Amino acid sequence: MDTLLLKGKPVAEHIRQELTERIQGLKADGITPNLAAIIVGGDPASKVYVKNKARAFEKMDCDSRTYHLDKNASENEVLDLIHELNQNMEVHGILVQLPLPRHLDSKKILHTVSPQKDVDGFHPENLGLLLEGNPKFIPCTPHGILEILKYYNIPVSGRHAVIVGRSNIVGKPMFALLAQKFEMGNATVTICHTGTKDLDMHTKQADIIIAAAGSPKMIRGDMVKEGVDIIDVGINRIENDSEKGYALVGDVDTDSVMGIARSVTPVPGGVGPMTITMLLVNTVIAAENMKEFAVISH
Ligand code: NAD
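Residue numbers for the sequence shown follow my numbering, beginning at 25 and rising by one.
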């Protein structure tokens with residue numbers, strides 16, 4: 025079987041094209057979608073990630089500003105900044121880059137972001153709406169995965185999806201989406217995690233695998249059935265002798281599933297390009313909602 029590589033770039037480009045018109049519509053009304061990103065400390069991976077986000081916003085003619093706080097910033101400093109951004113009518117989306125330093129209460133900080141500006145979709149109000157089947161902001165990575173499945177016409181309804189990983193940012197919202205009765209859902213969903221006893225037994229039964237464990241190359245060809253569609257979310261740095269000193273690999277041993285799987289997303293170049301694109305989408309939605317609110321309240 026020829027295995028199709030599900031590249032994220034064409035999907036991201038397709039969505040960005042559609043988004044351009046909506047951004048121009050907002051600009052015609054004097055509104056430029058604007059993201060505020062908060063980064064605490066100097067984690068190099070987070071810095072690169074936030075820089076890529078800023079670049080993507082600039083390319084789409086949208087505004088973004090990064091607030092760099094010292095690694096020893098107090099919880100009140102972070103909360104005060106979020107309160108200020110919540111009130112600022114020129115800011116449509118607020119993102120707190122994770123992970124935060126250990127002395128900060130991540131939950132409390134994420135819960136302080138206004139649900140109207142929570143473009144990551146991590147606020148409990150937005151997670152609740154997602155579970156209810158009426159989401160305002162869908163978390164970016166699971167949303168990007170749905171867009172990949174849709175773009176490449178991968179059937180979901182009635183199939184068995186196995187998610188490996190139960191994090192709040194990938195596994196759990198992915199479960200809520202795939203199980204939902206809607207166009208890109210209606211699957212039977214199994215969610216595996218570190219407490220799962222026989223992982224192979226579950227992955228071998230999957231029609232779709234979403235690998236989001238953060239464990240390099242853990243899903244191998246001998247763990248999957250013929251014709252499976254695999255979404256590899258993992259981004260793991262493996263040290264090597266290259267100039268960079270490392271290579272990025274996913275949670276799937278891609279070489280070993282080639283010829284067995286019907287399709288697989290590459291790492292890098294699969295899910296990665298989708299996450300920032302869906303952040304743009306959510307920021308545009310937030311700006312559109314604020315515009316509508318402003319019209320109603322006049
Ligand atoms: P996380 O560490 O918060 O959660 C990992 C989950 O996987 C946990 O629920 C754990 O129970 C499960 N797990 C770990 N090892 C396992 C094993 N051996 N067997 C079964 N379950 C296991 O991670 P996360 O934030 O969800 O991220 C997962 C991976 O996806 C990471 O590599 C991360 O870098 C990547 N990621 C990529 C993107 C992207 O844009 N492509 C976005 C978010 C996360």
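Here a beta-carbon is modelled for each residue, glycine too, at the ideal position from N, C-alpha and C.
Predicted model only: the values in this text are computed from it and were never measured.
### Query
Can you round the beta-carbon distance between HIS147 and PRO159 to whole angstroms, since I take them to be within the 8 Å contact cut?
Their Cβ separation, rounded to whole angstroms, is 12 Å, which puts HIS147 and PRO159 out of contact at 8 Å.
### Query
Do you know offhand how far VAL137's Cα is from ALA310's?
13 Å
### Message
Among the candidates ASP94, LEU155, ASP67 and ILE232, whose CA atom is the shortest distance from the CA of GLN204?
### Response
Sorting ASP94, LEU155, ASP67 and ILE232 by C-alpha distance to the C-alpha of GLN204 places LEU155 at the top.
### Query
Do you know how far the Cα of ASP67 is from the Cα of LEU128?
15 Å
### Query
Which residue's Cα is closest to the Cα of ALA235: VAL276, LYS228, GLU263 and GLY269?
VAL276
#### Entry: Buried/exposed call for PRO123, threshold 16 Cβ in 10 Å
exposed
### Straight-line gap, ILE55 to MET247 (C-alpha atoms, nearest Å)
50 Å
### Assumed close pair SER239, GLY258 - CB separation to whole angstroms, cut-off 8 Å
7 Å
### Message
According to DSSP, simplified to helix, strand and coil, what is ASP224?
### Response
helix
### Message
Within the continuous beta strand (DSSP E) that includes ASP58, where are the two ends?
### Response
For the record, residue 58 in the displayed sequence is Asn; it is not Asp. First-last of the beta strand (DSSP E) with ASN58: 58-64.
### Task
Would you check whether ligand 1 has a heavy atom nearer than 7 Å to the C-beta of SER78?
In the sequence under discussion, the amino acid at residue 78 is Ala, which differs from the Ser named in the question. Answer for ALA78: no, Cβ out of range of ligand 1.
### N- and C-terminal bounds of the alpha helix (DSSP H) containing LEU202
195-203
#### Entry: Own chain residues within Cβ distance below 6 Å of LEU202, not counting five before or after
Excluding positions up to five away in sequence, the list reads ALA185, GLY209, ALA211 and VAL213.
### Message
As an exercise, report each continuous beta strand (DSSP E) stretch of at least 3 residues that is fully enclosed by the stretch 251-281, in chain order.
### Response
253-256, 260-263 and 270-273
### Query
Taking DSSP as the reference, what is the three-state secondary structure of CYS216?
strand
### Query
Can you round the beta-carbon distance between ALA60 and VAL102 to whole angstroms, since I take them to be within the 8 Å contact cut?
ALA60 to VAL102, Cβ: 12 Å. No contact.
### Query
What residue does the beta strand (DSSP E) around GLY117 start on, and which one ends it?
From DSSP, the beta strand (DSSP E) with GLY117 extends over 117-120.
#### Entry: Separation of TYR176 from ASN313, as counted between CA atoms
30 Å
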